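These protein sequence lines are chains A and B, in that order.
Using our numbering, the final residue of the first sequence is 10, and nothing's skipped along the way.
Using our numbering, the final residue of the second sequence is 225, and nothing's skipped along the way.
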Amino acid sequence: NSRHPRKDEL
Amino acid sequence: MNIFRLAGDMTHLASVLVLLLKIHTIKSCAGISLKTQELYALVFATRYLDIFTNYISFYNTIMKLIFLGSSFSIVWYIKRHKIVHRSYDKDQDTFRHWFIVLPCLVLALLINERFTFKEVMWTFSLYLEAVAILPQLVLLQRTRNIDNLTGQYVFLLGAYRALYILNWIYRYFTEDHYIHWITWIAGLVQTLLYADFFYYYFQSWKNNAKLELPA
């Protein structure tokens, strides 16, 4: 979700 | 997704696969720090709490499952496998977990982006990952001899974080609002911890000598 872009990383 | 991050993820994947390969084929974990492996299992457990609630992409979910599965199976192998656990040198691998876990937990409670359980756990996993390699580096200093699979493991782990720094720089310049000091500082500290290991790794590789760390 766009709320936390940084959470798209491992 | 950019090339630095993909390369970083693949290098990270390679590091755990090299380790699993070593343990599975030669049925030995000599030179491997169980403490570091347990800390990495904790890193993934606290970082991927939202694996089933926050779907990012198929790739993201698969990689999280691989990292969770491999880190816990490495711990299982060293602790439980009837043959492998005999080669675990618990007298040398004496780094106390709590010296690492507690400061990271306190720091995560103090410095985070939102004071919620999941956010604090995620921040804790970032701080913990930065220092999780310490027991392994201490063990390497003590045992002094580094077999090349262990050397490759530590090298790949350091390379993965260095590639992630390039990824953060790339994203900073290509995406607006991409500013995450906590992630960047923890990642930088982690990479610097590997710096001296890299130095000796390249020295031994250049002189084609056995990798020796100074006492």
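All C-beta atoms in this analysis are idealised placements derived from N, C-alpha and C, irrespective of residue type, glycine included.
All figures in this text were calculated on a predicted structure; none of them were measured in a lab.
Check                                                                                                                             : Outcome
What does DSSP give as the partner residue(s) for Glu129/B in the beta ladder?                                                    : In the DSSP output, where bridge partners are listed per residue, Glu129/B has none listed.
Which of the residues in the region 17-31 of chain B, read from start to end, lie with their CB under 8 Å from any CB of chain A? : Asp19, His22
Relative to the C-alpha of Leu150/B, which residue among Asn158/B, Gly41/B, Ala118/B, Ile88/B is closest?                         : Gly41/B
Relative to chain A, which residues along the region 73-94 of chain B have a C-beta separation below 9 Å, given in chain order?   : Met73, Lys74, Phe77
With DSSP run on the structure shown, which of helix, strand or coil describes Leu2/B?                                            : With chain B running from 11 to 225 in the structure shown, residue 2/B is simply not present.
Within 8 Å, do at least three Cβ pairs link the region 57-66 of chain B to the region 127-138 of chain B?                         : yes
Using CA coordinates, which residue listed in Arg181/B, Ile84/B, Val164/B, Leu202/B is at the minimum distance from Leu221/B?     : Val164/B
DSSP three-state label for Asn1/A, please.                                                                                        : Since pLDDT at Asn1/A reaches only 38, below the 50 mark, its modelled position is unreliable, and no value is offered.
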